[in-house]
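Q:
Residue numbers (the numbering used here): 1349 to 1821.
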């Protein structure tokens, strides 16, 4: 598997998917406002939180075992059997507490939550199987299909007055399309499940489960607690800010997703030198968009929220800046965490996750009632600082970690130069519409990459990556 090619495929597809999602959220936000968007985001938050007990880390375990190249069919069948029981139990609980769930969401969506949960679990499992087959690049189309169908179907239902339910219908249909296409593309055939294979999956998943808790908590616990203490409008504004910052992580996540199965293979072969080299080469590309994005948001946070989504979303402007700062650390964390999992040491990631999850939960409960959206952002940021430090420490006990400090420093200097230029222009140009805002963003990006390319080291690295991409040796 070619890491550069697969990473670029994922990055391009996720960029397109994010553009579609960004346009969709901006359109929906302007049409229905922050409160209705808050209902939909709370639905997604519950869906994400329920995925923790429903999956129990089994998707990651299946990917790991299938990538090892032996008994793939038995591992897949055993995974499906193990997932069946928690899925049924969660559905029963949703039906039992339907009225309470509807009250929390602010709409009658509990039964749709059960349907979405089943579709989500089966669709996601198919993607993890493809990754385990070292066919990561083939999963690139799925984010595009999901976002395009959600935006298209959601817009249709919204136009005929379905409100938040229309957005949920769009989500369910998009998951259904992913489910069908994903299983159509997988090549692993079902075989008779066995206790031995189920035990092997559970051995890995019990740690992967803890790690997955960290991922879902990181993504949704702040939104869920905001829904308890604040209004649905606050939920909508905060989540929109979060979604904008998440766009900057596309390249880093694409690289990290591609790394895991390849590191797994190198680990089996005992090839530590390739793993160490891959980490070093992945850090700068993972951060190259995140660093300037932080400085850009520092300058234009209120303008982005007001002009693109609507004035009621500007209540999240300071939280927006904090969340963007946190993404700088996340761009390193995604690489380190995938490498640890690829080295078959999920217990290390689990220890880091337990500590950061507890901190995240406690700080959210303490900060949100006092500081509101800023408290949620601070809680998330502080917990993720801890998470990243612990992942780095544990990984350093297994292999040597080398950080390209000079490259990262140069990216930071270039981003600071861009920010000061934009601040100077902001004093002379009134930003009142999309044209002025996007013009500023494009101009800033041009300055940043011009400064980046003035570094011979970064030029050489980008040239090497481009050469690998097109296949020349």
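Built from N, CA and C at the ideal position, the CB exists for glycine as well.
This structure is a prediction, so every number in the text was calculated from the model and none was measured.
Beta carbon of residue 1829, beta carbon of residue 1660: below 8 Å?
A: This structure gives no information on residue 1829, because the portion of the chain shown stretches from 1349 to 1821.
Q: Just to confirm the assignment: which complete alpha helix (DSSP H) runs, minimum length 4, are found wholly within the region 1718-1788?
A: The qualifying runs are 1721-1744, 1753-1774.
Q: Kindly indicate which three-state DSSP category residue 1798 falls into: helix, strand or coil?
A: Stepping through the chain shown from its first residue, residue 1798 is reached at position 450. Correct three-state label for residue 1798: helix.
Q: Is it true that the CB of residue 1689 sits closer than 8 Å to the CB of residue 1408?
A: Taking the chain shown and counting its residues from 1, the one referred to as residue 1408 is at position 60. Taking the chain shown and counting its residues from 1, the one referred to as residue 1689 is at position 341. Cβ distance < 8 Å, so residue 1408 and residue 1689 count as in contact.
Q: Determine the burial state of residue 1593: buried for a count of at least 16 other Cβ atoms within 10 Å of its Cβ, exposed for fewer.
A: Mapped onto the chain shown, residue 1593 falls at position 245. By the 10 Å Cβ count, residue 1593 comes out buried.
Q: Which residues in the same chain as residue 1663 place their Cβ atom closer than 6 Å to its Cβ, once the five residues preceding and following it in sequence are excluded?
A: Within the chain shown, residue 1663 is the residue found at index 315, counting from 1. Hits under 6 Å: 1585.
Q: For the alpha helix (DSSP H) containing residue 1517, name the first residue and the last one.
A: In the chain shown, residue 1517 corresponds to position 169, counting from 1. Note, residue 1517: alpha helix (DSSP H), 1512-1533.
Q: Leaving out the 5 sequence neighbours to the left and right, which residues in its chain are closer than 7 Å to residue 1746 when beta-carbon positions are compared?
A: For the purposes of this step, residue 1746 is identified with residue 398 of the chain shown, where counting begins at 1. Correct list, in chain order: 1691, 1693.
Q: Is the beta carbon of residue 1672 less than 8 Å from the beta carbon of residue 1647?
A: Stepping through the chain shown from its first residue, residue 1672 is reached at position 324. Stepping through the chain shown from its first residue, residue 1647 is reached at position 299. No, the pair does not count as a contact, with Cβ atoms beyond the cut-off.
Q: Taking the beta carbon of residue 1465 as the centre, do at least 16 other beta carbons fall within 10 Å, making it buried, or is it exposed?
A: As a first step, residue 1465 is located in the chain shown; it is residue number 117 there, counting from the start. Classification of residue 1465: buried, given that the 10 Å Cβ count is 16 or more.
Q: How many angstroms separate the CA atom of residue 1460 from the CA atom of residue 1777?
A: Stepping through the chain shown from its first residue, residue 1460 is reached at position 112. Stepping through the chain shown from its first residue, residue 1777 is reached at position 429. Cα to Cα, the separation comes out at about 47 Å.
Q: Skipping 5 residues on each side, what residues in its chain have a beta carbon closer than 7 Å to that of residue 1804?
A: As a first step, residue 1804 must be located in the chain shown, where it is residue number 456. Cβ within range, chain order: n/a, list empty.
Q: Would you say residue 1406 and residue 1430 are within 8 Å of each other, going by their C-beta atoms?
A: Your numbering for residue 1406 matches position 58 in the chain shown. Your numbering for residue 1430 matches position 82 in the chain shown. Going by C-beta atoms, residue 1406 is nearer than 8 Å to residue 1430.
Q: Please return the same chain residues whose Cβ sits closer than 7 Å to the Cβ of residue 1398, not counting the five positions on each side in sequence.
A: By 1-based counting over the chain shown, the position of residue 1398 is 50. Correct list, in chain order: 1438, 1465.
Q: Less than 6 Å between C-beta atoms, sequence neighbours within five positions excluded: which residues of the same chain meet that for residue 1666?
A: The residue labelled residue 1666 in the question sits at position 318 within the chain shown. Taken in chain order, the residues that qualify are 1722.
Q: With a threshold of 7 Å on Cβ separation, who are the neighbours of residue 1519 within its own chain once the five nearest residues in sequence on each side are excluded?
A: As a position in the chain shown, residue 1519 is number 171, starting the count at 1. Same-chain partners within the cutoff: 1464, 1498.
Q: Quick one, which of 1700, 1391, 1625 has its alpha-carbon nearest residue 1451's?
A: Counting from 1 along the chain shown, the entry for residue 1451 is found at position 103. It is 1391 whose Cα lies nearest to the Cα of residue 1451.
Q: By alpha-carbon positions, which one of 1790, 1534, 1702 ends up nearest to residue 1473?
A: Counted from its first residue, the chain shown places residue 1473 at position 125. Closest option to residue 1473, Cα to Cα, is 1534.
Q: On the three-pair Cβ rule with 8 Å, is the region 1575-1590 touching the region 1619-1629?
A: Contact fails: fewer than three Cβ-Cβ distances are below 8 Å.
Q: Below 8 Å on the Cβ atoms is my guess for residue 1468 versus residue 1523; work out the distance and round it to an integer in Å.
A: To locate residue 1468, count along the chain shown from 1; it is residue 120. To locate residue 1523, count along the chain shown from 1; it is residue 175. The Cβ separation is near 5 Å, so the contact holds.
Q: Check residue 1596 in the structure and name its three-state DSSP category.
A: Position 248 of the chain shown, counted from the start, is the residue given in the question as residue 1596. Residue 1596: coil per DSSP, three-state reduction.
Q: Do you know offhand how far residue 1727's Cα is from residue 1733's?
A: Taking the chain shown and counting its residues from 1, the one referred to as residue 1727 is at position 379. Taking the chain shown and counting its residues from 1, the one referred to as residue 1733 is at position 385. Using only the alpha carbons, I get a separation of about 10 Å.
Q: Do residue 1581 and residue 1476 come within 8 Å of each other at the CB atom, strictly closer than that value?
A: Counting from 1 along the chain shown, the entry for residue 1476 is found at position 128. Counting from 1 along the chain shown, the entry for residue 1581 is found at position 233. No, the pair does not count as a contact, with Cβ atoms beyond the cut-off.
Q: If you draw a straight line from the C-alpha of residue 1386 to the C-alpha of residue 1458, how long is it?
A: Translated into the one-based positions of the chain shown, residue 1386 becomes position 38. Translated into the one-based positions of the chain shown, residue 1458 becomes position 110. For residue 1386 and residue 1458, the distance between alpha carbons rounds to 16 Å.
Q: Have a look at residue 1567 and residue 1591 and give me their C-alpha separation to the nearest angstrom.
A: For the purposes of this step, residue 1567 is taken as the residue at position 219 of the chain shown. For the purposes of this step, residue 1591 is taken as the residue at position 243 of the chain shown. If I take the Cα positions, the gap works out to 10 Å.
Q: From residue 1365 to residue 1374, what distance separates their C-alpha atoms?
A: By 1-based counting over the chain shown, the position of residue 1365 is 17. By 1-based counting over the chain shown, the position of residue 1374 is 26. So the two alpha carbons sit approximately 14 Å from each other.
Q: Cα-Cα, which of 1641, 1506, 1412, 1631 is closest to residue 1750?
A: Along the chain shown, one-based indexing puts residue 1750 at 402. That would be 1631, whose Cα lies nearest to the Cα of residue 1750.
Q: Measure the C-alpha to C-alpha separation of residue 1448 and residue 1708 and round it to an integer number of angstroms.
A: One-based indexing of the chain shown puts residue 1448 at position 100. One-based indexing of the chain shown puts residue 1708 at position 360. Roughly 25 Å between the two C-alpha positions.
Q: Can you confirm whether residue 1675, when its beta carbon is compared against all beta carbons of chain D, has any partner nearer than 8 Å?
A: Going by chain labels, chain D is absent from the structure shown, which holds only one protein chain.
Q: For residue 1526, is the classification buried or exposed, using 16 other Cβ atoms within 10 angstroms of its Cβ as the cut-off for buried?
A: Residue mapping note: residue 1526 aligns to position 178 of the chain shown, counting from 1. So residue 1526 counts as buried.
Q: Go ahead and pull the three-state DSSP assignment for residue 1639.
A: Start at 1 with the first residue of the chain shown, and residue 1639 comes out as number 291. Helix.
Q: According to DSSP, simplified to helix, strand and coil, what is residue 1803?
A: Translated into the one-based positions of the chain shown, residue 1803 becomes position 455. In this structure, residue 1803 counts as coil in the three-state DSSP scheme.
Q: Going by CA-CA distance only, name the one from 1578, 1504, 1546 that's closest to residue 1454.
A: For the purposes of this step, residue 1454 is identified with residue 106 of the chain shown, where counting begins at 1. With distances taken between Cα atoms, residue 1454 lies closest to 1578.
Q: Measure the CB-CB distance between residue 1426 and residue 1572 and report whether it falls below 8 Å.
A: Taking the first residue of the chain shown as position 1, residue 1426 is located at position 78. Taking the first residue of the chain shown as position 1, residue 1572 is located at position 224. No, the pair does not count as a contact, with Cβ atoms beyond the cut-off.
Q: Hey, how far is the Cα of residue 1801 from the Cα of residue 1807?
A: Residue numbering aside, residue 1801 sits at position 453 when the chain shown is read from its first letter. Residue numbering aside, residue 1807 sits at position 459 when the chain shown is read from its first letter. Each residue's alpha carbon lies about 5 Å from the other.
Q: Looking at residue 1649: is its Cβ nearer than 8 Å to the Cβ of residue 1668?
A: Taking the chain shown and counting its residues from 1, one reaches residue 1649 at position 301. Taking the chain shown and counting its residues from 1, one reaches residue 1668 at position 320. Cβ distance < 8 Å, so residue 1649 and residue 1668 count as in contact.
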